[in-house]
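Student:
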Amino acid sequence: MMRPGKKAICLAEIFTDFLVFSLAVVVAYFLYGHLLDNPLPGGLVAYCQLGLFSGFVGTLTFYFIGLYRHQASMMNLLETRKIIKTTLLLFLLLILYTFFARAEYSRITLCLALILALPLLLFGRFIFFKFNQYLYLQGVNVRRVLIYGAGSAGRLLFQSILNTPKLGYEPVGFFDPDGSKERIRELCPEGTDSILLLTCSEQCVQAIEEHKIQDIFLSSQMNGEELYTLLAFCRDRQVAFHIVPYLQPLFTEKVELSSINGIPLVSFKEQTIEVVENWLRRGVDLVLSVLFLLITAPFTLCMALLIKLDSQGPVFFRQTRIGKDGAPFTIYKFRTMYTDAPVFHNSPSESTDSRITRAGRFLRKTSLDELPQFLNVLEGTMSLVGPRPEMEFIVKNVYNDLYRQRLRVKPGITGIWQISADRTREIHEDISYDLFYIANRSLLLDMLILIRTVPALFMMKTH
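My numbering puts the first residue of the sequence shown at 8, with every later residue one more than the last.
(1) Where P196 and L225 are concerned, what is the direct C-alpha to C-alpha distance, given to the nearest angstrom?
(2) Determine the DSSP secondary structure at R342, reduced to helix, strand or coil.
(3) Give a yes or no on whether the C-beta atoms belonging to K340 and D376 are separated by under 8 Å.
(4) Could you please give the first and the last residue of the uninterrupted beta strand (DSSP E) stretch that includes P178?
(5) Compute the Euclidean distance between the alpha carbons of V27 and G393, then round it to the nearest angstrom.
(6) What's the call for I458, buried or exposed, on a 16-neighbour Cβ count within 10 Å?
(7) Rounded to a whole number of angstroms, what is the C-alpha to C-alpha distance between P178 and R244?
(8) In the structure shown, what three-state DSSP assignment does H218 receive?
(9) Would you mind sorting P462 into buried or exposed? The rule is 16 or more other CB atoms within 10 Å of its CB.
(10) Helix, strand or coil for E397 per DSSP?
(11) Distance check for C118 and I250, CA to CA, integer angstroms please.
(12) Starting from L204, follow the beta strand (DSSP E) in both directions and report where the run begins and ends.
(13) Taking Cβ positions, are T333 and P396 nearer each other than 8 Å?
(14) Looking at the unbroken alpha helix (DSSP H) that takes in A247, where does it start and where does it end?
(15) DSSP three-state call for R76: helix, strand or coil?
(16) Helix, strand or coil for S296? Go by DSSP, reduced to three states.
(17) Do A19 and L123 have their C-beta atoms closer together than 8 Å?
(18) Under a CB-based cut-off of 8 Å, is R411 close to chain D?
(19) Are the stretch 365 to 383 and the stretch 400 to 414 in contact at 8 Å, needing three or more beta carbon pairs?
(20) Here's a check: name, in chain order, each residue in its chain whose Cβ is nearer than 6 Å to the Cβ of M81, leaving out the five neighbours to either side.
(21) Can you list, in chain order, the residues of its chain whose CB lies under 8 Å from that of R114, leaving out five sequence neighbours each side?
(22) Using a Cβ-Cβ cut-off of 6 Å (strictly less than) and excluding sequence neighbours within five positions of G131, which residues of its own chain qualify?
(23) Is the beta carbon of Y314 less than 8 Å from the beta carbon of R289?
(24) Classify G198 as buried or exposed, calling it buried when 16 or more other Cβ atoms lie within 10 Å of its own Cβ.
(25) Buried or exposed: where does E263 fall if 16 or more other Cβ atoms within 10 Å of its Cβ makes it buried?
(26) Looking only at its chain, what residues have a beta carbon closer than 8 Å to the beta carbon of L391, apart from the 5 residues adjacent to it on each side?
(27) Within the continuous beta strand (DSSP E) that includes R88, where are the two ends?
(28) Check this for me: beta carbons of T68 and T93, under 8 Å apart or not?
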């Protein structure tokens with residue numbers, strides 16, 4: 008059941024989307040019909056009717072595809088992709104209808120309405136997302152959560168809840184008979200003492216009442232008798248109960264929910280990589296890389312000269328990295344360190360590190376040291392978007408079967424991890440971003456990541 012506060016926000020989202028769809032058509036009519044002095048058949052009344060129709064159909068479609076549900080993906084990327092695809096399809100169908108029905112509506116006006124509606128819809132969702140974050144930080148409309156199981160699945164759920172304030176959940180603690188503070192210390196080292204760790208059923212029952220727990224997430228196996236007792240207890244006190252399948256090793260698979268005679272099933276489908284989409288992605292990589300290298304050619308020459316004048320050594324830094332299917336390749340970067348610095352060593356985390364040259368400080372601060380990686384894209388060893396290429400010795404010494412899922416696709420210059428708040432952490436410390444990308448990989452998602460990379464660069468968040 009949706010909470011009253013969430014219901015009000017949901018209604019506000021529906022009303023806002025309805026206004027955007029409707030007004031986009033009307034404003035497009037005025038822009039094309041009046042400002043350009045191009046009288047349109049039907050007049051204002053006809054386009055107001057069309058605007059109301061598009062608003063009704065648009066919001067109804069958004070509702071049925073789940074855009075008003077109480078859920079959120081990583082950084083709202085999937086919701087954004089869904090809004091773009093659905094809006095484009097709706098206006099395309101509207102344009103086709105006017106064409107085949109020979110309706111007296113200007114198709115140029117409808118195209119202009121699409122150009123107006125799409126950014127406004129996305130901006131509206133961004134505002135609501137920020138508003139939800141503000142309410143969450145103020146403790147408004149927040150549900151207190153207890154997680155059963157402090158294993159990897161439970162800790163992953165805990166971290167996901169913290170990273171997705173739109174959901175409105177506040178994780179209070181863990182209930183785990185075999186639990187240990189050390190197992191959750193890595194999640195919140197500064198506030199571990201504030202997180203409950205319950206090890207027996209009596210503590211769990213007491214905590215539910217004392218801390219006003221409203222939701223329990225079962226992320227670990229529980230025997231039938233204990234499960235029935237806990238379910239009955241939660242039902243009597245109107246505490247919502249959720250069962251979380253252990254999905255972490257299968258994060259790169261598509262998940263489908265189904266049932267057989269009422270028995271719930273969680274099915275996994277292998278993510279198929281379409282040949283046509285791969286060719287399109289390769290084409291986009293080549294076109295954008297060539298354009299970018301041509302545009303930045305004067306700057307590249309200046310940087311090369313500056314690097315040579317600043318310190319002795321080559322302009323480019325070359326290093327072996329691991330790419331798709333575990334194949335090694337040579338990555339190119341502008342050299343930012345002195346030539347006597349260790350080749351395989353942790354990258355400097357501070358700009359004041361003595362290994363970094365004066366030119367290197369500027370290049371690292373602005374992420375411009377990665378410009379030569381567009382040469383890797385031209386070679387085909389990297390893509391514009393994908394997981395970051397890992398060092399060979401880390402893959403050999405740190406990677407397990409789960410981590411090797413990152414090697415299923417080409418590494419990229421940018422990705423979800425690079426535009427996230429966790430950019431300062433090591434690549435192998437949090438692979439949930441890369442696993443999420445691989446499971447939901449598409450050309451449109453790549454475009455969204457590329458667009459978000461631009462403001463992230465200017466805000467110095469990608470390095």
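Even glycine gets a Cβ: it sits at the ideal position worked out from N, Cα and C.
Tutor: The answer reads as follows:
(1) At P196 the pLDDT is 46, less than 50, meaning the model places this residue with poor confidence; the figure from the coordinates comes in the next sentence. Going from the Cα of P196 to the Cα of L225 covers about 24 Å.
(2) coil
(3) Yes, Cβ-Cβ distance for K340 and D376 is below 8 Å.
(4) Y176 to F182
(5) 33 Å
(6) exposed
(7) 19 Å
(8) coil
(9) exposed
(10) strand
(11) Taking the straight line joining both Cα atoms gives about 45 Å.
(12) Start and end: L203 to L205.
(13) The sequence as given places Gly at residue 333; Thr does not occur at that position. Against a cut-off of 8 Å, the Cβ pair of P396 and G333 comes out as no contact.
(14) For A247, there is no enclosing alpha helix (DSSP H); the residue is part of the beta strand (DSSP E) that begins and ends at A247 to I250.
(15) coil
(16) helix
(17) no
(18) In the displayed structure, chain D is absent; only one protein chain is listed.
(19) no
(20) Within the same chain, M81 has close Cβ partners F443.
(21) I102, T105 and F106
(22) T23
(23) Checking the displayed sequence, the identity of residue 314 turns out to be Ile instead of Tyr. Not in contact: I314 and R289 (Cβ atoms no closer than 8 Å).
(24) Interpretation of G198 is limited by its pLDDT of 47, a score under 50 that renders its predicted location unreliable; no figure is taken from the coordinates.
(25) exposed
(26) V291, D292, L295, S296, V384, G419, I420, T421, D453 and L457
(27) It is not in any beta strand (DSSP E) - R88 instead sits in the alpha helix (DSSP H) that spans L84 to F107.
(28) yes
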